[in-house]
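From first to last, the protein sequence lines are chains A and B. The first sequence begins at 1 in the working numbering and counts up one residue at a time. The second sequence begins at 1 in the working numbering and counts up one residue at a time.
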Amino acid sequence: MSSLVFHELAVRYGRRDAVASFSESVRPGEWLCLIGPNGAGKSSILRAVAGLVPYHGDVVVDGSSLRLRSARRRAELVAYVPQTPTLPGDMTGAEYVLLGRNPYISYFGRESADDRAMVDDLFDRLDLGPFARRMLGTLSGGERQRLVIARALAQEAPILLLDEPTSALDIGYQQQALELVDRLRHEHGLTVVSAMHDLTLAGLYSDRLALLHRGHVVAVGEPAQVLRPETLSEFYGVSVAVHHEPDGTVVVVPKRTVG
Amino acid sequence: MVTRMGAKGGRWWLPLSFMMLAGALFLGVMIGPAGSWGTASWNIIWNIRMPRVVLAGIVGAMLSVAGASYQGVFRNPLVDPYLLGVAAGAGLGATIVFALGRSSTSGWPIDPLPVVAFAGGLLAVLLTYLVGASFGANRSGVTLVLAGVAVTSLATAVQAFVLQRNNDVIREVYSWILGRLTTADWGDVKLVLPYVVVSTTVLLLHRRHLDMLRVGDDEAAALGTHIQRVRLSVVIAATMGTAAVVSVSGLIGFVGIVVPHVVRLLAGSSYRRLLPLSLVVGATFLILADIPGRVLQDPAETPIGVVTAFLGAPFFIVVLRSRRGAA
């Protein structure tokens, strides 16, 4: 299990600060969920950790800075699932998941028998067997999402970054995908940082929430502390009701303001 | 259990394509205006037909592998060495060498013709890429092709200008552009072979990276791929090989787009199969395409570029149509 520490992380696009100064510690095995309105900087934080955008400040995994690592070494520590993954329609499921082994293969090298066995095993454990030979173009949204998660797992990275992992899925697949991530988190001791729009789901699955607004963190804490009507209406500009279920689940329901 | 990851369907494509190549070699050596085996002398077979067939094979293989590689590295199934402006750039480079005087370079240890042609081709493809990238945020297919058209026009215009000021070399340049596959000898094979071997080796070594790029720059980078290094290595290698073969074969269009597409249809899109198969199928294709030219208008030759364009242009339109359906 690995810890992840953000140290005054800042991401700029031109003159615009997408992320101003983000400092936060994620404990080993913890699931931190970034929430906030569109453009709050959630994706930029994840992209910075994945090494896809230049940033100021530092991102530290288990005490050592990600800056010091090459792209390949970084991919051994951090697996990234983008909001809209590109799945070539004419690539098989097995070929796709095997791409996740890239960090362990030298520049001119090929996948070893071990790499293939590892991916094979992954298909069994995730019940993805039937999709190994199928073309990605023939799969449903939920099936694709499971393969994307499988590819991330093939990286064997202790830190998993998920950018809106459920935005393209219906409610059944949403739950299925998040249950899968949660199960894997416990089985593999993964540290998860995700960005999510659905506040109820965010609260349901993560240990802590960080509410971002225009690049700044405005609230951090357990779901019940962050998901409060006053806070949400202030930063989302909406009117919501927050229900607390007996089992501790926090449910966020929009309220109609007119009529 | 037979592992899902191991035995992939389509293993038999490679042996099959080699058999087709052997058949094409046989036909290429047998057919010609001087008759077939027995009637044609050994001298004609060995010194005229063999180098021509071998060179056609090398050129077809190189153009096909380069085409497939460009398509992979630009994530765009529409591009080929000609549409990217590589051929026009190489042609301009060659024209400049001719204009400066071939005789003055005859004593040089390395023939500057392929080197300058390579430089011209590389310059053209980089320009196409930069122009295409700056106007199409995602280097979308059509933008890149349009940029290639613009760069090709520019290179052709500069070439025309240079030629106008150097009337005396027009004949040499024109015959260079048309190619000399028809008069190829073993010296031509020796001239291009080193470039083609280096280029195809580098390209084949990047097969896995080309598959990585299929998931897009961001995800490939997040998986630890050095996008720029891969892209630059592949473009340089493909351009070097293309410029070298263009310097002996002249402008032969559409091979780099037709062959990889046929291979994709038959054996799938994975670059680990696509590149080696394009190599063999490309060689077969061009050897066969070279045969009708010898006998159609006998004793005159029909240029091979005419044959490939005749097959390739309709094919290109079909590809465009199917892509519109997919998008």
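In this text, a Cβ means the ideal position worked out from N, Cα and C, and glycines have one as well.
Is any beta-carbon of chain A found at less than 9 Å from that of threonine 143/B? Within the second sequence, residue 143/B is the residue found at index 143, counting from 1. When Cβ-Cβ separations below 9 Å define contact, threonine 143/B makes no contact with chain A.
For tryptophan 31/A, count the other beta carbons within 10 Å of its own beta carbon; 16 or more makes it buried, fewer makes it exposed. Which is it? Residue 31/A sits at position 31 when you count from the first residue of the first sequence. Looking at its Cβ environment, which holds 16 or more other Cβ atoms inside 10 Å, tryptophan 31/A is buried.
When you compare only the Cα positions, how much space is there between isoleucine 170/B and threonine 242/B? For the purposes of this step, residue 170/B is identified with residue 170 of the second sequence, where counting begins at 1. For the purposes of this step, residue 242/B is identified with residue 242 of the second sequence, where counting begins at 1. Whole-angstrom Cα-Cα distance: 23 Å.
Should the region 48-63 of chain B be called in touch with the region 194-214 of chain B, which here means at least 3 C-beta pairs below 8 Å? At 8 Å Cβ cutoff, the stretches touch.
Around the C-beta of serine 140/A, are 16 or more other C-beta atoms found within 10 angstroms, so that it is buried, or is it exposed? Numbered from 1 along the first sequence, position 140 holds the residue referred to as residue 140/A. With fewer than 16 neighbouring CB atoms inside 10 Å of its own CB, serine 140/A falls in the exposed class.
Given a cut-off of 9 Å on the beta-carbon distance, is the pair alanine 48/A and valine 11/A in contact? Position 48 of the first sequence holds residue 48/A. Position 11 of the first sequence holds residue 11/A. Between alanine 48/A and valine 11/A, the gap from beta carbon to beta carbon is short of 9 Å.
Neighbour flag for threonine 200/B against chain A, beta carbons, 9 Å: Against the second sequence, residue 200/B aligns to sequence position 200. The beta-carbon of threonine 200/B is placed no less than 9 Å from the nearest beta-carbon of chain A.
I need the DSSP call for glutamate 164/A, collapsed to helix, strand or coil. Walking along the first sequence from the start, residue 164/A turns up at place 164. The DSSP-derived three-state label of glutamate 164/A is coil.
Under 9 Å between C-beta atoms of alanine 195/A and glycine 142/A: By 1-based counting over the first sequence, the position of residue 195/A is 195. By 1-based counting over the first sequence, the position of residue 142/A is 142. Contact flag unset, no.
Measure the C-alpha to C-alpha separation of valine 250/A and phenylalanine 315/B and round it to an integer number of angstroms. Here the question's residue 250/A lines up with position 250 in the first sequence. Here the question's residue 315/B lines up with position 315 in the second sequence. Near 59 Å, if we compare the C-alpha coordinates of phenylalanine 315/B and valine 250/A.
Would you say histidine 261/B reaches chain A, if we count a Cβ-Cβ gap shorter than 9 Å as a contact? Against the second sequence, residue 261/B aligns to sequence position 261. The Cβ of histidine 261/B sits no closer than 9 Å to any Cβ of chain A.
Mind pulling the chain A residues with CB within less than 7 Å of aspartate 218/B? Here residue 218/B refers to the residue found at position 218 when the second sequence is read from its first residue. The contacting residues are Leu52, Pro82.
Just list the residues that DSSP pairs glutamate 24/A with in beta bridges. As a working mapping, residue 24/A is identified with position 24 in the first sequence. DSSP lists Phe6/A as the bridge partner or partners of glutamate 24/A.
Chain D within 9 Å of leucine 296/B, Cβ atoms only: Judged by its chain identifiers, the structure shown contains no chain D, and its protein chains are A and B.
Can you grab the Cα-Cα spacing for the pair arginine 165/B / glycine 57/A, in whole Å? As a working mapping, residue 165/B is identified with position 165 in the second sequence. As a working mapping, residue 57/A is identified with position 57 in the first sequence. Distance between the alpha carbons of arginine 165/B and glycine 57/A: 59 Å.
Give the secondary structure of tryptophan 12/B by DSSP, where H, G and I count as helix, E and B as strand, and everything else as coil. Taking the second sequence and counting its residues from 1, the one referred to as residue 12/B is at position 12. In this structure, tryptophan 12/B counts as coil in the three-state DSSP scheme.
Where threonine 92/A sits in the DSSP three-state scheme: The residue given as residue 92/A occupies position 92 in the first sequence. Note: threonine 92/A maps to strand in three-state DSSP.
Supposed contact pair threonine 143/B and glutamate 301/B - C-beta distance, whole angstroms, cut 8 Å: For the purposes of this step, residue 301/B is taken as residue 301 along the second sequence, with counting starting at 1. For the purposes of this step, residue 143/B is taken as residue 143 along the second sequence, with counting starting at 1. Contact flag wrong, Cβ pair sits at about 38 Å.
Taking the beta strand (DSSP E) that alanine 210/A falls in, what are its first and last residues? Sequence index remark: in the first sequence, residue 210/A carries index 210 (1-based). DSSP places alanine 210/A in the uninterrupted beta strand (DSSP E) bounded by 208-213.
Helix, strand or coil for threonine 231/A, going by three-state DSSP, please let me know. Along the first sequence, read from residue 1 onward, the residue named residue 231/A stands at position 231. When secondary structure is reduced to three states using DSSP, threonine 231/A falls in the helix class.
Neighbouring residues, chain A, relative to valine 215/B (Cβ below 9 Å): Reading the second sequence from its first residue, position 215 is the one you call residue 215/B. Those are Pro85, Thr86, Leu87, Pro88, Met91, Tyr96, Leu99, Arg151, listed as they occur along chain A.
Looking at chain B, is there any beta carbon in it that lies within less than 9 Å of the beta carbon of glutamine 155/A? Residue numbering aside, residue 155/A sits at position 155 when the first sequence is read from its first letter. Interface residue, yes.
Rounded C-alpha distance that separates alanine 221/B from leucine 52/A: In the second sequence, the residue the question calls residue 221/B occupies position 221. In the first sequence, the residue the question calls residue 52/A occupies position 52. Rounded to whole angstroms, alanine 221/B to leucine 52/A spans 7 Å at the Cα level.
Starting from the beta carbon of threonine 195/A, find every residue of chain B whose beta carbon is closer than 7 Å, and list them in chain order. Here residue 195/A corresponds to residue number 195 of the first sequence, with the count starting at 1. The sequence given here places alanine at residue 195/A; threonine does not occur at that position. Listed along chain B is no residue with a C-beta nearer than 7 Å to that of alanine 195/A; the closest approach is about 15 Å.
So is alanine 137/B buried or exposed if we call it buried at 16+ other beta carbons inside 10 Å? On the second sequence, position 137 is the one that residue 137/B refers to. Here the model assigns alanine 137/B a pLDDT of 49, short of 50, so the residue's position is not dependable and the matter cannot be decided.
How far does the alpha helix (DSSP H) with threonine 284/B in it extend, from its first residue to its last? Along the second sequence, read from residue 1 onward, the residue named residue 284/B stands at position 284. It spans 271-295 - the alpha helix (DSSP H) in which threonine 284/B sits, taken as one unbroken run.
May I ask which residues mark the beginning and end of the beta strand (DSSP E) holding valine 59/A? In the first sequence, the residue the question calls residue 59/A occupies position 59. 56-61 is the span of the beta strand (DSSP E), which, as asked, contains valine 59/A.
Chain A within 9 Å of arginine 11/B, Cβ atoms only: What you label residue 11/B is simply residue 11 of the second sequence in a count that begins at 1. Chain A, which has no Cβ nearer than 9 Å to the Cβ of arginine 11/B, makes this no.
Let me know the beta strand (DSSP E) ranges lying completely inside the region 84-166 of chain A, each 3 residues or longer, listed in chain order. The region 84-166 of chain A contains these whole beta strand (DSSP E) runs: 159-163.
Name the residue from Leu311/B, Gly253/B, Glu219/B, Val235/B whose alpha carbon lies nearest to the alpha carbon of threonine 304/A. Lying before the first or after the last residue shown, residue 304/A is absent from chain A, which here runs from 1 to 259.
Just tell me which of Asp211/B, Leu27/B, Met20/B, Ala88/B has its CA closest to the CA of arginine 75/B. As a working note, residue 75/B is residue 75 in the second sequence. Comparing alpha carbon positions, the residue from Asp211/B, Leu27/B, Met20/B, Ala88/B closest to arginine 75/B is Asp211/B.
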